[in-house]
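Below: the structure, in structure tokens.
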Amino acid sequence: MPEIADVVGTAWAPDGASVVLAHVVPLPSSRITGSPEDFFLDSLDLRSGELVPIGVGERPRFSASGRYLSYWSWDGDLRVAIGGRVVALPHATTPDVRWAGDTLFFIEKKEIRTWADGIERTISHLPDELELSYPHDDAHFSADTERFLVTRYLADGSVRRYLGNTRAGTAGELDLPGATYTEWAPAGHTLLVRYADRLELRDDAIVRGAPLSRFAGPVHTWLPDARALLVGQLSAAQLGSIRFDAFAAWASDASAATATLPDLVGAREFSPDGAFFVGTARTGLRGGRLEIFRCGTGVAAAPIAIAAAPEPSDRRLLRPVVGAITQVVRPTHTGIDIAAPLGTVLVASDDGVVSEVGQVTVGGRRVCVRHPSAIETCQYHTSAALVTVGQRVVRGQPIALIGLTGVTTGPHVHWEATAVGTIVDPLTR
């Protein structure tokens with residue numbers, strides 16, 4: 293298999309023979325310090341190892357038959373392609389789209405629309421008060437497209453959520469006081485709701501809850517059939533090593549079941565048939581490489597050694613997320629902006645003590661860690677915090693999830709470092 297760096301998302305062909313990978317590529321520029329980055333799409337044939345480029349883009353999704361691939365291109369267009377040839381440009385105004393069979397569901401302002409066989413149709417209209425303006429408003433369809441959820445981010449830091457019926461276009465406010473993050477299951481229309489101290493699974497009128505203290509850790513991953521939510525402790529990243537963690541299967545038929553998963557970051561997801569688990573293994577302070585594990589039973593849990601990139605002896609801070617750098621430190625910008633999909637795990641840049649967790653103006657929800665080196669790193673625009681003030685953490689330990697809080701143009705983290713109150717560039721530390 294070719295070496296592929298920093299995978300943030302995948303789209304598996306229905307036959308399981310190939311997978312489209314969204315990964316980070318550097319885009320050298322003489323205009324700023326360092327290199328800006330972007331997301332690139334490649335199709336990987338799992339049998340031959342052949343890698344076929346698709347182009348700059350992100351958020352790939354296959355239709356149920358595998359005939360169509362949708363993705364967002366470099367120019368901000370939603371594209372539908374057959375075998376690499378673009379056949380349609382549906383005019384969506386929110387990023388999330390969903391296939392039901394070979395019909396694509398998307399939202400254009402206040403219309404819920406579909407595309408199928410070259411024809412676009414409006415199937416319902418949203419209420420006037422829900423005309424969407426991304427990223428102030430973010431909308432996501434359930435896996436079966438029967439429901440949708442709108443999250444509205446207000447200037448005062450509060451969040452309102454509206455649960456709707458796709459075909460009717462009706463929506464009502466969903467009262468979730470204290471909720472920090474929501475996510476649809478990969479099948480059906482079960483909604484995961486995260487709070488600071490508990491989890492909820494909501495399936496229409498059925499609501500199941502569990503305290504986070506019940507689990508070994510706060511990180512979650514869905515089984516591909518949505519039969520269970522896996523919850524546990526993701527090991528802190530060890531450069532040059534892959535370790536394995538036990539995750540409890542919550543809401544499954546076997547309440548005591550566990551799954552053993554590698555401590556990958558980035559995409560960190562199953563193939564739809566459950567045959568593979570993919571993600572990025574850390575090979576250095578700034579990045580990693582794609583790893584694909586075949587799922588089965590009786591997996592050995594011994595760590596696996598992998599090649600680690602050499603690092604300068606004067607650098608210690610770990611890049612907090614697998615994603616694309618879109619902004620760097622300069623006189624008018626105080627940190628490094630790294631774009632990554634909503635809900636991606638963020639990790640501590642170094643050992644230390646959590647010094648701040650909460651909401652601030654412009655930066656939204658933040659998590660800060662004070663390190664023994666007298667440097668404090670903060671991660672802004674997060675959704676769910678996975679740690680509390682005063683908690684000791686180690687480098688590479690999960691501390692938050694990527695969000696859209698505060699003033700932002702899309703899901704990303706603003707990674708900021710200060711030394712005795714003075715801004716420093718975390719990429720040089």
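So the sequence shown is numbered by our numbering: it starts at 293 and just counts up by one.
Don't be surprised by glycine CBs; every beta carbon is placed ideally from N, CA and C.
CA-to-CA, the gap between L531 and V451 works out to about 37 Å. Here DSSP, grouped into helix, strand and coil, assigns L504 to helix. A contact is defined here as three or more CB-CB pairs under 8 Å, and the segment 305-314 meets this definition with respect to the segment 335-347. Around V654, the same chain offers G698, V699 as residues with beta carbons nearer than 7 Å, after the five sequence neighbours per side are excluded.
Around the C-beta of H383, fewer than 16 other C-beta atoms lie within 10 Å, and the residue is accordingly described as exposed. Exposure of W366 is indicated by the presence of fewer than 16 other C-beta atoms within 10 angstroms of its C-beta. In this structure, DSSP gives L531 a state outside helix and strand, which the three-state scheme calls coil.
Exposed is the label assigned to V681, since fewer than 16 other Cβ atoms lie within 10 Å of its Cβ.
The C-alpha of A408 is placed about 44 Å away from the C-alpha of Q689. Straight through space, the alpha carbons of P427 and A676 are spaced by roughly 18 Å. Between Y473 and G635, the CB-CB gap stays under 8 Å.
For the segment 646-673, the continuous beta strand (DSSP E) assignments of 3+ residues that do not extend past its boundaries occur at 656-662, in sequence order. A residue is called buried when at least 16 other Cβ atoms come within 10 angstroms of its Cβ; E350 meets this threshold and is buried.
Closest by C-alpha distance to Y487, out of D420, I715, G571, L504, is L504.
Of the candidates R405, P633, D537, V485, the residue whose Cα lies closest to the Cα of W364 is P633. Distance from the Cα of S533 is smallest, within the candidate group R574, A543, V570, R494, for R574. Contact between the segment 647-663 and the segment 368-378 is absent: fewer than 3 CB-CB pairs across the two stretches fall below 8 Å. Close CB contacts of R371 within its chain, under the 8 Å cut and outside five residues either way in sequence, are with G349, S362, Y363, W364, S365, V378, A380, L381 (chain order). Burial state of D298 is buried, judged by a 10 Å Cβ sphere holding 16 or more other Cβ atoms.
Apart from the 5 residues on each side of it in sequence, H417 sits with its Cβ closer than 7 Å to the Cβ of K402, E403, G461 in its chain, given in chain order.
When the Cα atoms are used, A666 and A711 turn out to be separated by approximately 6 Å.
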